[in-house]
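*Asks:* Before I ask anything, here is the structure I am working with.
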Amino acid sequence: DGPYAADIERVVVSAADIQEKIAELARKVEADYQADTDSPLLLVGVLKGAFVFMADFARELRHPAEVEFMAVSSYGSSTTSSGVVRILKDLDRDIAGRHVLVVEDIIDSGLTLSWLLRNLASRNPASVRVVALLRKPDAVKVPVEVAHVGFDIPNEFVVGYGLDYDERYRGLPFVGVLKPEVYGAA
Ligand code: PRP
Ligand code: MN
Ligand code: MG
Numbered sequence: 007d008g009p010y011a012a013d014i015e016r017v018v019v020s021a022a023d024i025q026e027k028i029a030e031l032a033r034k035v036e037a038d039y040q041a042d043t044d045s046p047l048l049l050v051g052v053l054k055g056a057f058v059f060m061a062d063f064a065r066e067l068r069h070p071a072e073v074e075f076m077a078v079s080s081y082g083s084s085t086t087s088s089g090v091v092r093i094l095k096d097l098d099r100d101i102a103g104r105h106v107l108v109v110e111d112i113i114d115s116g117l118t119l120s121w122l123l124r125n126l127a128s129r130n131p132a133s134v135r136v137v138a139l140l141r142k143p144d145a146v147k148v149p150v151e152v153a154h155v156g157f158d159i160p161n162e163f164v165v166g167y168g169l170d171y172d173e174r175y176r177g178l179p180f181v182g183v184l185k186p187e188v189y190g191a192a
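Quick note: the sequence shown uses UniProt numbering, first residue 7, plus one each step.
In structure tokens:
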């Protein structure tokens, strides 16, 4: 599990459970778009956190798909909820008339996704839906319509499987909680 696994206090979602869930999610998404097997789905990953989920989900999905990424950044600290988001990297192509599926690692406050969904909807896609691996209880405060969620998890800070603390731990194959002393050392 690499050099960072020792910093984990507790595993919240195991690597095996994640992989099993991704297969389930892929089957659900395939069913959603089964009437459209001629047109490739446009998977839009939200950098950086979604890169691991995207890699596994895109390889599991048995529906033609193209992969795109957007990078966005919230203004201000993570504790304030201005809802203002800045695009650091936009899509490389027009999505008009396309079926778009946003692939996100986690929905916390929901601010990132609610902004992104409005932004994408303004580009006249055929549809925009969301698949998220993880969701926290606070997500209900900013309502985001999510087609499929992998796991609802408790409201604690988690890392791994794309999720970082200070840019570390993204490569862990599971989702877990850090030992308290790790925060003190940062
Ligand atoms: C994290 C996570 C989601 C977002 C969820 O990204 O990957 O994209 O926060 O939070 P929200 O629902 O409160 O908006 P972050 O901004 O940390 O960037 P990163 O993906 O590059 O780590
Ligand atoms: Mn993110
Ligand atoms: Mg982050």
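The beta carbon of each residue, even a glycine, is placed where N, CA and C say it ideally should be. Fair warning: this is a prediction, and the values are worked out from it, not measured in the lab.
Quick one: what's got a C-beta closer than 6 Å to ILE14's C-beta in the same chain, skipping five residues either side?
*Replies:* Result list for ILE14: GLY182, in chain order.
*Asks:* Grab the span of the alpha helix (DSSP H) containing ILE159 for me, first residue to last.
*Replies:* Note, ILE159: premise wrong, no alpha helix (DSSP H); not H, not E.
*Asks:* With 16 other CB atoms within 10 Å as the buried threshold, where does LEU47 fall?
*Replies:* Buried is the call here.
*Asks:* With a CB to CB cut of under 6 Å and the five nearest residues on each side skipped, what residues in its chain are close to ALA77?
*Replies:* Cβ neighbours of ALA77 beyond the five flanking positions: LEU53, LEU94, LYS95.
*Asks:* Where does VAL106 land, buried or exposed, given buried means 16+ other C-beta within 10 angstroms?
*Replies:* Flag for VAL106 reads buried.
*Asks:* In terms of DSSP beta bridges, what is LEU67 paired with?
*Replies:* According to DSSP, which records beta bridges pairwise, LEU67 is partnered with nothing at all.
*Asks:* Taking DSSP's pairing of strands, which residues face GLY51 in a bridge?
*Replies:* Bridge partners of GLY51: PHE75, VAL109.
*Asks:* Which class does TYR171 belong to by DSSP, given the choice of helix, strand or coil?
*Replies:* It is a strand residue.
*Asks:* Does the beta-carbon of LEU139, which I'm using as the reference point, lie nearer than 8 Å to any heavy atom of the ligand MG?
*Replies:* Not under cutoff, so the answer is no.
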